[in-house]
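Numbering (the working numbering), first residue to last: 1018 to 1440. Heads up, the thing below is written out as structure tokens.
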RNA sequence: GGAGGGGUGCCCGAGCGGUCGAAGGGGCCGGUCUUGAAAACCGGUAGAGGUUUCGGCCUCUCGCGGGUUCGAAUCCCGCCCCCUCCGCCA
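Have a look at this one:
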């Protein structure tokens, strides 16, 4: 969330961010509500001050058993009624304002390129090369089913479209990758956490999924709980409402979790295989940092995510998202896209975002050093990385003419020394 | 799920409906004393918001939300969380 001060002082920048992010937030309405809120507040606070003073006076008069007390009491009663009336209006104004404020997207950082959508994103670097094949590379669904490690029909049978069953070495590969990536993150100084997959509304609001993206979430209506779309939600909210000591920052967490996404509105897209699914595994990297450190920490986090792909020998490119492709809460974001030979295209396996103080303000996450006033932390996160698409890239990149799949060296210890998956 | 107990400032802990943003203790910061330190003593030690002639002034916050009252940390209602016992269960 943006501060009202910021919106008041930079209405043009906010309007531009709203437009560029293809959002519909009503900045003018917010400005109007803010001004009406403040005038009502000033009015009601003056009345309250008068009432507070009057009430003290009543107490004094009653102690002295003076009958002026009754007269003053009834005058204060009238004042109180007036206060209640204005407060009712104020509460309505405040409620509408809060609601609108939560729907204003973050303002992109100055370094973010202009652009309307994905085509405006800028490739900042790439690593490795597209592998060459002496045969026509197959798609992961063919490779996986032939090897008996992926079973889409049965996943559909038990849950529906958009779910995956991993079997045998497929399941083992999934587990190996999780362990491998967590170990990598631990080496980079991230503290591993394991967190709930069901979170309350406040947590979802804290990181910015709610109220805007309600229809993208799986919700358990009976309990007012949501299935997490990413570990970002529970992990970033770990410190919601806290004021941290500046010396304790940066906090770096890594977390494996299952992720649940309804993918509303993307029906008909990526329908085959496991490029777009309702449930997937992911290792997430989260940082809570000081304001002045967030740009450098963002670069470092992106490098940490890229290392996963480098160490597995997978070709990828890193894209700096343009203003139009930036998500609601992000101020700056790198997408890391891995090459999938069977698809003939790059797949996004990580979005490394700097939210600046946008999430921290929503969740009341602050830090303070010495005498200074508490300031909002900056929060960042990125996948390190999402599993299904990583497995897609792995299977499609390392597939052999005989249908087997070679395993990259660093992964082998996690699979009991196995060098290749074959049927 | 049932019964009971409880949620107060950085921590512990007190708080007849009135001058309580809150006693007392501890911690922390500053000072006095000291060659230095400890002890002792003195002082300070929340956040958010509004307003400001930038000295302040005002409002709100004692788990959260409502209510009663001239006035609520204190009374009433709902919710959340923690603890104990019982039940159930991996």
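Don't be surprised by glycine CBs; every beta carbon is placed ideally from N, CA and C.
**Request:** Just tell me which of 1205, 1189, 1207 and 1255 has its CA closest to the CA of residue 1217.
**Result:** The residue labelled residue 1217 in the question sits at position 200 within the first chain. Per the Cα distances, 1255.
**Request:** Only counting runs of 3 or more residues, tell me where the beta strand (DSSP E) segments fall wholly within the region 1199 to 1231, in order along the chain.
**Result:** Counting only runs that start and end inside the region 1199 to 1231, the beta strand (DSSP E) elements of at least 3 residues fall at 1208 to 1210 and 1215 to 1217.
**Prompt:** Who are the Cβ neighbours of residue 1195 in its own chain at under 8 Å, not counting the five residues just before and after it?
**Reply:** For the purposes of this step, residue 1195 is taken as residue 178 along the first chain, with counting starting at 1. The beta carbon of residue 1195 is closer than 8 Å to those of 1273, 1298, 1300 and 1404 in its chain, skipping five residues each way along the sequence.
**Request:** Taking all protein chains shown into account, decide if residue 1139 is buried (16 or more other Cβ within 10 angstroms of its Cβ) or exposed.
**Result:** Residue mapping note: residue 1139 aligns to position 122 of the first chain, counting from 1. Exposed: under 16 other Cβ atoms inside 10 Å.
**Prompt:** Count the other CB atoms within 10 Å of the CB of residue 1059; is the residue buried (16 or more) or exposed (fewer)?
**Reply:** On the first chain, residue 1059 is found 42 positions in, with the first residue counted as 1. With fewer than 16 Cβ atoms within 10 Å of its Cβ, residue 1059 is classed as exposed.
**Message:** Just to confirm, is the Cβ distance from residue 1306 to residue 1395 under 7 Å?
**Reply:** Residue numbering aside, residue 1306 sits at position 289 when the first chain is read from its first letter. Residue numbering aside, residue 1395 sits at position 378 when the first chain is read from its first letter. Yes, the Cβ-Cβ distance between residue 1306 and residue 1395 is below 7 Å.
**Request:** Under 6 Å Cβ to Cβ from residue 1236, same chain only, skipping five residues before and after it: list those, please.
**Result:** On the first chain, position 219 is the one that residue 1236 refers to. Correct list, in chain order: 1243.
**Asked** What residues match up with residue 1149 in a beta bridge as DSSP calls it?
**Response** Within the first chain, residue 1149 is the residue found at index 132, counting from 1. Beta-bridge pairing links residue 1149 to no other residue.
**Reduced DSSP category for residue 1417 - H, G, I as helix; E, B as strand; rest coil** = As a working note, residue 1417 is residue 400 in the first chain. Three-state result, residue 1417: coil.
**Message:** Using a Cβ-Cβ cutoff of less than 8 Å, which residues in the same chain neighbour residue 1379 once the five nearest sequence positions on both sides are dropped?
**Reply:** Taking the first chain and counting its residues from 1, the one referred to as residue 1379 is at position 362. The residues are 1018, 1119, 1222, 1223, 1224 and 1225.
**Message:** Once the 5 residues before and after residue 1413 are set aside, which same chain residues still bring their CB inside 8 Å of it?
**Reply:** As a working mapping, residue 1413 is identified with position 396 in the first chain. Within the same chain, residue 1413 has close Cβ partners 1154, 1155, 1156, 1157, 1160, 1357, 1358, 1359 and 1360.
**Message:** Could you tell me the alpha carbon to alpha carbon distance between residue 1116 and residue 1371, rounded to whole angstroms?
**Reply:** In the first chain, residue 1116 corresponds to position 99, counting from 1. In the first chain, residue 1371 corresponds to position 354, counting from 1. Rounded to the nearest angstrom, the two C-alpha atoms are 24 Å apart.
**Request:** Note down, one range per segment and in chain order, each beta strand (DSSP E) of at least 3 residues found wholly within the region 1107 to 1173.
**Result:** 1139 to 1144
**Prompt:** Given that a residue counts as buried once 16 or more other Cβ atoms are within 10 Å of its Cβ, and exposed if not, what is residue 1352?
**Reply:** The residue given as residue 1352 occupies position 335 in the first chain. Result: buried.
**Asked** Roughly how many angstroms lie between the CA atoms of residue 1385 and residue 1303, to the nearest whole one?
**Response** For the purposes of this step, residue 1385 is identified with residue 368 of the first chain, where counting begins at 1. For the purposes of this step, residue 1303 is identified with residue 286 of the first chain, where counting begins at 1. Going by the C-alpha atoms only, they are around 20 Å apart.
**Request:** Thinking residue 1100 and residue 1337 are a contact (beta carbons under 8 Å), I'd like their distance in whole angstroms, please.
**Result:** Numbered from its first residue, the first chain carries residue 1100 at position 83. Numbered from its first residue, the first chain carries residue 1337 at position 320. The pair is not a contact, with the Cβ atoms about 52 Å apart (cut-off 8 Å).
**Request:** Using three-state DSSP, classify residue 1335 as helix, strand or coil.
**Result:** Within the first chain, the letter at position 318 stands for residue 1335. If DSSP states are grouped into helix, strand and coil, residue 1335 belongs with the strands.
**Message:** Am I right that residue 1165 and residue 1184 are in contact with their C-beta atoms under 8 Å? What's the rounded C-beta distance?
**Reply:** As a position in the first chain, residue 1165 is number 148, starting the count at 1. As a position in the first chain, residue 1184 is number 167, starting the count at 1. The pair is a contact, with the Cβ atoms about 6 Å apart (cut-off 8 Å).
**Asked** What's the gap between the Cα of residue 1031 and the Cα of residue 1250?
**Response** Mapped onto the first chain, residue 1031 falls at position 14. Mapped onto the first chain, residue 1250 falls at position 233. Roughly 25 Å separates the two Cα atoms.
**Identity of the residues DSSP links to residue 1254 by a beta bridge** = Translated into the one-based positions of the first chain, residue 1254 becomes position 237. None, per the DSSP bridge assignment.
**Request:** From the DSSP output, in three-state form, read off residue 1175 for me.
**Result:** Here the question's residue 1175 lines up with position 158 in the first chain. DSSP places residue 1175 in helix when its eight states are reduced to three.
**Message:** Here's the rule I'm using: 16 or more other beta-carbon atoms within 10 Å means buried, otherwise exposed. How should residue 1197 be labelled?
**Reply:** Within the first chain, residue 1197 is the residue found at index 180, counting from 1. Answer is buried; the Cβ neighbour count reaches 16.
**Asked** Between the C-alpha atoms of residue 1252 and residue 1066, what's the straight-line distance to the nearest angstrom?
**Response** To locate residue 1252, count along the first chain from 1; it is residue 235. To locate residue 1066, count along the first chain from 1; it is residue 49. About 43 Å.
**Message:** Using DSSP's beta-bridge definition, name the partner residues of residue 1352.
**Reply:** Numbered from its first residue, the first chain carries residue 1352 at position 335. Answer is 1336 and 1368.
**Request:** Tell me, please, whether the region 1317 to 1336 touches the region 1279 to 1293 by the rule of three or more beta-carbon pairs shorter than 8 Å.
**Result:** Taking 8 Å as the limit for Cβ pairs, the verdict is that the region 1279 to 1293 does not touch the region 1317 to 1336.
**Closest residue to residue 1075 among 1285, 1061 and 1090 (Cα-Cα distance)** = Numbered from 1 along the first chain, position 58 holds the residue referred to as residue 1075. Out of 1285, 1061 and 1090, 1090 has the C-alpha closest to the C-alpha of residue 1075.
**Asked** Comparing alpha-carbon positions, which option in 1087, 1233 and 1363 lies nearest residue 1296?
**Response** Against the first chain, residue 1296 aligns to sequence position 279. Among 1087, 1233 and 1363, the Cα nearest to that of residue 1296 belongs to 1233.
**Between the CA atoms of residue 1095 and residue 1057 - distance to the nearest angstrom** = For this step, residue 1057 is matched to residue 40 along the first chain. For this step, residue 1095 is matched to residue 78 along the first chain. C-alpha of residue 1057 to C-alpha of residue 1095: approximately 18 Å in a straight line.
**Request:** Along the beta strand (DSSP E) that carries residue 1038, what are the first and last residues, could you check?
**Result:** On the first chain, residue 1038 is found 21 positions in, with the first residue counted as 1. Taken as a continuous stretch (DSSP letters only), residue 1038 belongs to no beta strand (DSSP E), as it is neither H nor E.
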